[in-house]
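Under our numbering, think of the first position of the sequence shown as 14, with each following residue one higher.
Backbone N, C-alpha and C fix where the C-beta goes; we use that ideal spot for every residue, glycine too.
Values in this document were obtained by computation on a predicted structure and should not be read as measured data.
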Amino acid sequence: MFMDATDNSAKKKSSEPGKRGPAQAEERDRLRRYYRENGISEIDAAFRTFMAREFHQRPALRKAKIAPLLEEIVGEPVSLARLDSFTATTKSSSKFPAYLLPGLCEVLGSDAILLFLATPRIRKLVEFAEREIAASHEERERQRLRDELSKLGDHDA
Numbered sequence: 014m015f016m017d018a019t020d021n022s023a024k025k026k027s028s029e030p031g032k033r034g035p036a037q038a039e040e041r042d043r044l045r046r047y048y049r050e051n052g053i054s055e056i057d058a059a060f061r062t063f064m065a066r067e068f069h070q071r072p073a074l075r076k077a078k079i080a081p082l083l084e085e086i087v088g089e090p091v092s093l094a095r096l097d098s099f100t101a102t103t104k105s106s107s108k109f110p111a112y113l114l115p116g117l118c119e120v121l122g123s124d125a126i127l128l129f130l131a132t133p134r135i136r137k138l139v140e141f142a143e144r145e146i147a148a149s150h151e152e153r154e155r156q157r158l159r160d161e162l163s164k165l166g167d168h169d170a
């Protein structure tokens, strides 16, 4: 499912995995009421929060640097103010155009935003493919070591 818009790593987590304490539930309900009253869907708010995190996780690529790079890729003006409005939970009328997402992922060097929007099936397929690739690399490395051991065994005889 989509990330909870109220997820905040600075908050204390409940002692039981997968369960939230009363404070987290109360905060989530408060935010949901705010979103409803202001016409912001939970998915929209979660997406804005996720995008803001993606921007902040790349200190070398602040929004001021992302905007011109994205503009160059998509061939249309993308201002810092436009990026800010896409991530602001207070600007629910400003939506991030889907056609900018591939360019943004390229600029950020990450497909995390597209995976966030993907269906659970697509996310599982990507996870499976990544694990298969990792297993293939490990198998090749084991084979390389077997070959080296075989050559060493031949020289010792």
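- Secondary structure at residue 99: helix, using DSSP grouped into helix, strand and coil.
- Closest in C-alpha terms to residue 97, from the list 62, 125 and 50, comes 62.
- Residue environment: residue 76 is assigned as buried (16 or more neighbouring CB atoms within 10 Å of its CB, all protein chains considered).
- Only residues of its own chain outside the window of five on either side were considered, and among them 91, 92, 93, 95 and 96 have a CB closer than 8 Å to the CB of residue 80, listed in chain order.
- One thing to note: residue 83 has its Cβ no nearer than 7 Å to the Cβ of residue 34.
- Residues of the same chain with a CB within less than 8 Å of the CB of residue 101, apart from the 5 flanking positions on each side, are 61 and 107 in chain order.
- Ranked by Cα distance from residue 131, the options 40, 111 and 148 are led by 111.
- In the DSSP annotation of this structure, residue 73 is not part of any alpha helix (DSSP H), being labelled neither H nor E.
- In the three-state scheme derived from DSSP, where H, G and I count as helix and E and B as strand, residue 40 is classed as helix.
- The residue from 113, 72, 71 and 134 with its alpha-carbon nearest to that of residue 89 is 113.
- In the structure shown, residue 34 falls within a coil segment according to DSSP collapsed to helix, strand and coil.
- For residue 67, the enclosing alpha helix (DSSP H) stretches over residues 55-69.
- Rounded to the nearest angstrom, the Cβ distance from residue 128 to residue 74 is 19 Å, too far for a contact under 8 Å.
- One alpha carbon belongs to residue 145, the other to residue 50, and they sit about 46 Å apart.
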